[in-house]
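Data first, discussion second: the structure below is written as structure tokens.
Number of protein chains: 2
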Amino acid sequence: MSEFRGYTGKSLEFLKTNKINVGDSVKILSDLTYLGIIMPRYEHNDDKHLVLKLKSGYNVGLEIETIKKIEKIQSPEKIMEKKERVEKNPNLPKILLLSTGGTIASKVDYRTGAVTPVLTAEELNSSVPELAKIANVDAVVLFSEYSENIMPEHWLKIADKLKDYSTSDYSGIIIAHGTDTMHYTSSFLSFALAGFPIPIALVGSQRSSDRASSDAALNLIGAIKFLVACKTNGVYIVMHQDENDETIACHLGTRVRKNHTSKRGAFQTIGDNPAFIVLNDQVIRNSKDDFFKVKEFQPKINLNTKVALVKYHPGYDPSILEKIIEMNYRGIIFEGTGLGHIGKTMYENVKRANEKGIFLGMTSQCIDGRVSMTVYESGRDLLNLGIIPLENMIPEVALVKAMWVLGNSKKVEDVKYMMLQNIASEISK
Amino acid sequence: MSEFRGYTGKSLEFLKTNKINVGDSVKILSDLTYLGIIMPRYEHNDDKHLVLKLKSGYNVGLEIETIKKIEKIQSPEKIMEKKERVEKNPNLPKILLLSTGGTIASKVDYRTGAVTPVLTAEELNSSVPELAKIANVDAVVLFSEYSENIMPEHWLKIADKLKDYSTSDYSGIIIAHGTDTMHYTSSFLSFALAGFPIPIALVGSQRSSDRASSDAALNLIGAIKFLVACKTNGVYIVMHQDENDETIACHLGTRVRKNHTSKRGAFQTIGDNPAFIVLNDQVIRNSKDDFFKVKEFQPKINLNTKVALVKYHPGYDPSILEKIIEMNYRGIIFEGTGLGHIGKTMYENVKRANEKGIFLGMTSQCIDGRVSMTVYESGRDLLNLGIIPLENMIPEVALVKAMWVLGNSKKVEDVKYMMLQNIASEISK
Chain S
1 MSEFRGYTGK SLEFLKTNKI NVGDSVKILS DLTYLGIIMP RYEHNDDKHL VLKLKSGYNV
61 GLEIETIKKI EKIQSPEKIM EKKERVEKNP NLPKILLLST GGTIASKVDY RTGAVTPVLT
121 AEELNSSVPE LAKIANVDAV VLFSEYSENI MPEHWLKIAD KLKDYSTSDY SGIIIAHGTD
181 TMHYTSSFLS FALAGFPIPI ALVGSQRSSD RASSDAALNL IGAIKFLVAC KTNGVYIVMH
241 QDENDETIAC HLGTRVRKNH TSKRGAFQTI GDNPAFIVLN DQVIRNSKDD FFKVKEFQPK
301 INLNTKVALV KYHPGYDPSI LEKIIEMNYR GIIFEGTGLG HIGKTMYENV KRANEKGIFL
361 GMTSQCIDGR VSMTVYESGR DLLNLGIIPL ENMIPEVALV KAMWVLGNSK KVEDVKYMML
421 QNIASEISK
Chain A
1001 MSEFRGYTGK SLEFLKTNKI NVGDSVKILS DLTYLGIIMP RYEHNDDKHL VLKLKSGYNV
1061 GLEIETIKKI EKIQSPEKIM EKKERVEKNP NLPKILLLST GGTIASKVDY RTGAVTPVLT
1121 AEELNSSVPE LAKIANVDAV VLFSEYSENI MPEHWLKIAD KLKDYSTSDY SGIIIAHGTD
1181 TMHYTSSFLS FALAGFPIPI ALVGSQRSSD RASSDAALNL IGAIKFLVAC KTNGVYIVMH
1241 QDENDETIAC HLGTRVRKNH TSKRGAFQTI GDNPAFIVLN DQVIRNSKDD FFKVKEFQPK
1301 INLNTKVALV KYHPGYDPSI LEKIIEMNYR GIIFEGTGLG HIGKTMYENV KRANEKGIFL
1361 GMTSQCIDGR VSMTVYESGR DLLNLGIIPL ENMIPEVALV KAMWVLGNSK KVEDVKYMML
1421 QNIASEISK
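This is the structure in structure tokens:
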């Protein structure tokens, strides 16, 4: 690894001049005095800052021009040796952390420069020291994938692993997961593990821990506070509510979407407030309604990936739909326009698909709001062609649900019935 | 037509008892006294209300139980005869209304019960009497389609028609359009007619004029106020800002999306405020920036529809992408996850597509925020495979732009260059 990894131009020159390497523990005098470790950088768009990891776990970006003095305290080898063993406190609740990869579960290895998963509870607890004060965290690494590479077979692995803990004495389970497809995974777990007795929180971070203002620590702390205090079960995504560090939102796993590429508050509950909010040490429930109908845990960890998501648009070529039908798909979720429409050009192939016994469900690319297929002629035509309106299910959730339902039922009538059963609040009022 | 069209149960019984038919002009005594016409109903989910069109053009739903007295004033034939010819006022600005269909351009024919397009300026002006006070409106019916059936060839027709008016003395042009795909049409017009000297407003309504609380009249009035006062050009979508009747939002035609299936404020500018707001009689501009780079009108009314929108998800079958490549598509817009990612399972076909000279662009299914493909390994891999990150272009807009660019350029290098030129504010800061 380069000793100056990621630093260029002025910042590189500054480090060289001062004989400071990435991984060194330093004391910096700027507007304030900072003690911390020089972090490597991965984005090359700025040569004006150093990134420093403070003892609290937070990273700060310091402008070189403001630095009056920099002093090396220790070189990285020394720091690696000083890793402390976190003592467990028997009076605290137990939390399991299952790691699947993603930004949150990664940290930079100072020696190799590679981003590697946080492997042990010790490493995790020492990187976020607040955790040990509120829970005893056991960490298990399941696999290590960025979430764009997480596939339905990974969902099955996660669900199978969780099943083993259904009778454990954990107060809650955290799944560290990349944010890109976290809402697809949370949907699958909500269906496959309906009735699971222990609350599950998927937690990610929008900024990796080697970057200034990483959200990893606060999201983890928020998730543990939520799991310990929520007094319910279910699968949630727990992330920053907005750019503010005060509130952590706990979204129902079937009503949430990543709605911004980079903001900390990227995840949003569609059409409603998040189910819970963690505000400092308070956990506030936003609805008195019971979120889940399934009371008994009977895992159904199956799926059939032969479901296509067809997003309609003007000029959508019906031949693509034709190919999908020929490829023996078992389900098609349409992301129609408005109240649930697709153009007349599609009708012939929709008819063929229905005759082949393919499940056809309608959602809306508007994302928010309910489909309603009795208002206009087009909607009524499509109903007659066998398309099932899926209420206000989010398109991505409908896709995952159809994969899951088709993995558990063979007959199309059963599939139609199950798709409209509200299992994990995927349909809301 | 049934004399009680759409009325069932209690409301039907009420009409029969009182010998009132749909289309009758009536006087109703309830909490207040109402004068208006009994409208037919198309949604059968309620038998507790009558819908009454008031003289102002607004529709109200009146609960039958609150009605103390109902009295017939005129039967429908009489009303149809009373259509007035609106006198033009030479001191008012001229507005052209091009109608393409959709809910807004429809009204119920009392005799046949069919929903038909508003055909003449007289009919339009008499249905929204406020219009005649602020502009002289000439109406032209181009075609009559609900917008889920509007295809790229319709975009060409609209653009060709508009071109004829580029040197006219209209202060503004309104395109009445169905809301489902209005943002696709506005994108095409923004590119094909860049530099068009007269401002263009696409206007729709979320509720048809035969329903209580239709938004058609206020959207039209807002659009005319905007066109007359805006002192700029460009293509906009003009609709309710929210559920409130006070503010009408004017969205840039390339930065807007229908984000709710049924709300009046369904259209939203992504990641920013609308370009203009009409608040009562004031037109407020939200940015000092110049929205459009193209100053001279040189229409480029061409397109190539061989562009596919590929929305990636866990379990997306790379064989579908393979089929698209085999079908001789010229462009693929990926709706990737997060900062612009797709899974490793897709790489082989992405490589093939690039080798075939297919334009490959990346947008994000997060919708809001910018793609950034240098942060993670996946992004860098995809850049190396030839995918072009399309900044913060909305996926649907990128699709339409790629169709337009491919209709005007043959060489893939030119296409790549044009896709990143900011023509109509499709890329924002």
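So the sequences go chain by chain: S and A.
Here our numbering is used: the first residue of the first sequence is 1, the next is one more, and so on.
Here our numbering is used: the first residue of the second sequence is 1001, the next is one more, and so on.
Here a beta-carbon is modelled for each residue, glycine too, at the ideal position from N, C-alpha and C.
CB-CB length for Leu390 (chain S) against Gly369 (chain S), believed under 8 Å: For the purposes of this step, residue 390 (chain S) is taken as residue 390 along the first sequence, with counting starting at 1. For the purposes of this step, residue 369 (chain S) is taken as residue 369 along the first sequence, with counting starting at 1. The beta-carbon separation of Leu390 (chain S) and Gly369 (chain S), rounded to 12 Å, does not stay under the 8 Å limit for a contact.
Distance, Met373 (chain S) Cα to Val141 (chain S) Cα: Looking up residue 141 (chain S) in the first sequence gives position 141. Looking up residue 373 (chain S) in the first sequence gives position 373. Cα to Cα, the separation comes out at about 46 Å.
C-alpha gap between Lys1082 (chain A) and Gly1036 (chain A), whole angstroms: For this step, residue 1082 (chain A) is matched to residue 82 along the second sequence. For this step, residue 1036 (chain A) is matched to residue 36 along the second sequence. Annotation note: pLDDT 43 at Lys1082 (chain A) (below 50); position unreliable, coordinate value reported separately. When rounded, the distance between both Cα atoms is 14 Å.
Interface flag, Ala275 (chain S) vs chain A, CB-CB below 9 Å: Mapped onto the first sequence, residue 275 (chain S) falls at position 275. Not an interface residue.
Cβ-based contacts, 9 Å cut-off: residues of the stretch 1365 to 1377 of chain A near chain S: Gln1365, Cys1366, Ile1367, Asp1368, Gly1369, Arg1370, Val1371, Ser1372, Thr1374, Val1375, Tyr1376, Glu1377
Pairwise C-alpha distance: Asp242 (chain S) and Ser1214 (chain A): For this step, residue 1214 (chain A) is matched to residue 214 along the second sequence. For this step, residue 242 (chain S) is matched to residue 242 along the first sequence. Using only the alpha carbons, I get a separation of about 34 Å.
Gln298 (chain S) Cβ short of 8 Å to the ligand PLP heavy atom set: With respect to the ligand PLP, the structure shown offers nothing to examine, as it has no ligands at all.
Proximal residues to Lys1078 (chain A) (C-beta, below 8 Å), its chain only, five neighbours per side dropped: Numbered from 1 along the second sequence, position 78 holds the residue referred to as residue 1078 (chain A). In this prediction, Lys1078 (chain A) has a pLDDT of 49, which is less than 50 and means its spatial position is unreliable; nothing more can be read from the coordinates.
Paired residues, beta bridge with Tyr1236 (chain A) - DSSP: The residue given as residue 1236 (chain A) occupies position 236 in the second sequence. A:Ala1201, A:Leu1252, per the DSSP bridge assignment.
Exposed unless 16 or more other CB atoms sit within 10 angstroms - verdict on Glu335 (chain S): Locating residue 335 (chain S) in the first sequence gives position 335, counting from the first residue. Its Cβ being crowded by 16 or more others within 10 Å, Glu335 (chain S) is buried.
Residue-level contact to chain A via CB, Ala266 (chain S), 9 Å cutoff: Start at 1 with the first residue of the first sequence, and residue 266 (chain S) comes out as number 266. Ala266 (chain S) counts as touching chain A.
Classification of Asn149 (chain S) by the beta-carbon crowding that lies within 10 angstroms, buried from 16 upward: As a position in the first sequence, residue 149 (chain S) is number 149, starting the count at 1. Counting the other Cβ atoms within 10 Å of the Cβ of Asn149 (chain S) gives 16 or more, which makes it buried.
Extent of the continuous alpha helix (DSSP H) to which His1183 (chain A) belongs: Within the second sequence, residue 1183 (chain A) is the residue found at index 183, counting from 1. Where His1183 (chain A) is concerned, the enclosing alpha helix (DSSP H) stretches over 1182 to 1192.
Assigned exposure category for Ser147 (chain S) - 16 Cβ within 10 Å defines buried: The sequence position of residue 147 (chain S) within the first sequence is 147, counting from 1. Buried: at least 16 other Cβ atoms inside 10 Å.
Residues of its chain near Lys1429 (chain A), where Cβ-Cβ distance is below 7 Å and the 5 sequence neighbours each way are ignored: On the second sequence, residue 1429 (chain A) is found 429 positions in, with the first residue counted as 1. There are no such residues.
Phe1191 (chain A) versus Thr1363 (chain A) - alpha carbon distance: One-based indexing of the second sequence puts residue 1191 (chain A) at position 191. One-based indexing of the second sequence puts residue 1363 (chain A) at position 363. Cα to Cα, the separation comes out at about 18 Å.
Cβ of Gly1336 (chain A) within 9 Å of any chain S Cβ: Indexing the second sequence from 1 puts residue 1336 (chain A) at position 336. Yes, contact with chain S.
Closest residue to Ile277 (chain S) among S:Thr247, S:Arg264, S:Ser287, S:Phe291 (Cα-Cα distance): Residue numbering aside, residue 277 (chain S) sits at position 277 when the first sequence is read from its first letter. Cα-wise, what sits closest to Ile277 (chain S) is S:Thr247.
Enclosing alpha helix (DSSP H) for Ser1319 (chain A) [first to last residue]: Locating residue 1319 (chain A) in the second sequence gives position 319, where the first residue counts as 1. Start and end: 1318 to 1326.
9 Å Cβ cutoff, Pro314 (chain S) in contact with chain A: For the purposes of this step, residue 314 (chain S) is taken as the residue at position 314 of the first sequence. Closer than 9 Å: yes.
Neighbourhood of Pro1318 (chain A) by C-beta distance below 6 Å, restricted to the same chain and skipping five residues each side: Numbered from its first residue, the second sequence carries residue 1318 (chain A) at position 318. Closer than 6 Å at Cβ, skipping near neighbours: Thr1345, Met1346, Asn1349.
Cβ pair His1183 (chain A), Phe1267 (chain A) closer than 9 Å: Working through the second sequence from its first residue, we reach residue 1183 (chain A) at position 183. Working through the second sequence from its first residue, we reach residue 1267 (chain A) at position 267. Cβ distance < 9 Å, so His1183 (chain A) and Phe1267 (chain A) count as in contact.
Whole-Å CB distance - Ala135 (chain S) paired with Lys94 (chain S), under 8 Å assumed: Numbered from its first residue, the first sequence carries residue 135 (chain S) at position 135. Numbered from its first residue, the first sequence carries residue 94 (chain S) at position 94. Their Cβ separation, rounded to whole angstroms, is 7 Å, which keeps Ala135 (chain S) and Lys94 (chain S) in contact under 8 Å.
Three-state class that DSSP yields for Phe1143 (chain A) in the structure shown: Locating residue 1143 (chain A) in the second sequence gives position 143, where the first residue counts as 1. It is coil, neither helix nor strand.
Beta-carbon separation (whole angstroms), Gly1253 (chain A) vs Val1238 (chain A), contact threshold 8 Å: Along the second sequence, one-based indexing puts residue 1253 (chain A) at 253. Along the second sequence, one-based indexing puts residue 1238 (chain A) at 238. Gly1253 (chain A) to Val1238 (chain A), Cβ: 10 Å. No contact.
As assigned by DSSP and simplified to three states, the class of Met1080 (chain A): Mapped onto the second sequence, residue 1080 (chain A) falls at position 80. Per-residue confidence for Met1080 (chain A) stands at a pLDDT of 43, beneath the threshold of 50, marking its modelled position as unreliable; no derived number is given.
Three or more C-beta pairs below 8 Å linking the stretch 291 to 298 of chain S and the stretch 186 to 201 of chain S: yes
Beta-carbon gap between Val1022 (chain A) and Tyr1007 (chain A) smaller than 9 Å: Counted from its first residue, the second sequence places residue 1022 (chain A) at position 22. Counted from its first residue, the second sequence places residue 1007 (chain A) at position 7. In contact: Val1022 (chain A) and Tyr1007 (chain A) (Cβ atoms closer than 9 Å).
Terminal residues of the beta strand (DSSP E) in which Lys1053 (chain A) lies: By 1-based counting over the second sequence, the position of residue 1053 (chain A) is 53. Start and end: 1049 to 1054.
Residues in the stretch 387 to 417 of chain S having any Cβ partner in chain A nearer than 9 Å: So the list reads Asn392, Pro395, Glu396, Leu399, Val400, Met403, given in the order they occur along the chain.
Limits of the beta strand (DSSP E) - the one that Asn1059 (chain A) falls within: The count along the second sequence starts at 1 and reaches residue 1059 (chain A) at position 59. Counting along the chain, the beta strand (DSSP E) containing Asn1059 (chain A) begins and ends at 1059 to 1063.
Residue-chain proximity (Ile324 (chain S), chain A), Cβ-Cβ < 9 Å: Working through the first sequence from its first residue, we reach residue 324 (chain S) at position 324. So, interface residue.
Opposing strand residues paired with Ser1099 (chain A) [DSSP bridges]: Walking along the second sequence from the start, residue 1099 (chain A) turns up at place 99. Answer is A:Val1141, A:Ala1176, bridged to Ser1099 (chain A).
Inter-residue Cα distance where the pair is Asn233 (chain S) and Thr261 (chain S): For the purposes of this step, residue 233 (chain S) is taken as residue 233 along the first sequence, with counting starting at 1. For the purposes of this step, residue 261 (chain S) is taken as residue 261 along the first sequence, with counting starting at 1. Taking the straight line from one Cα to the other gives about 29 Å.
Neighbour flag for Ser144 (chain S) against chain A, beta carbons, 9 Å: Taking the first sequence and counting its residues from 1, the one referred to as residue 144 (chain S) is at position 144. It does not: the Cβ of Ser144 (chain S) has no partner Cβ on chain A nearer than 9 Å.
Exposed unless 16 or more other CB atoms sit within 10 angstroms - verdict on Glu1396 (chain A): Looking up residue 1396 (chain A) in the second sequence gives position 396. Classification for Glu1396 (chain A): buried.
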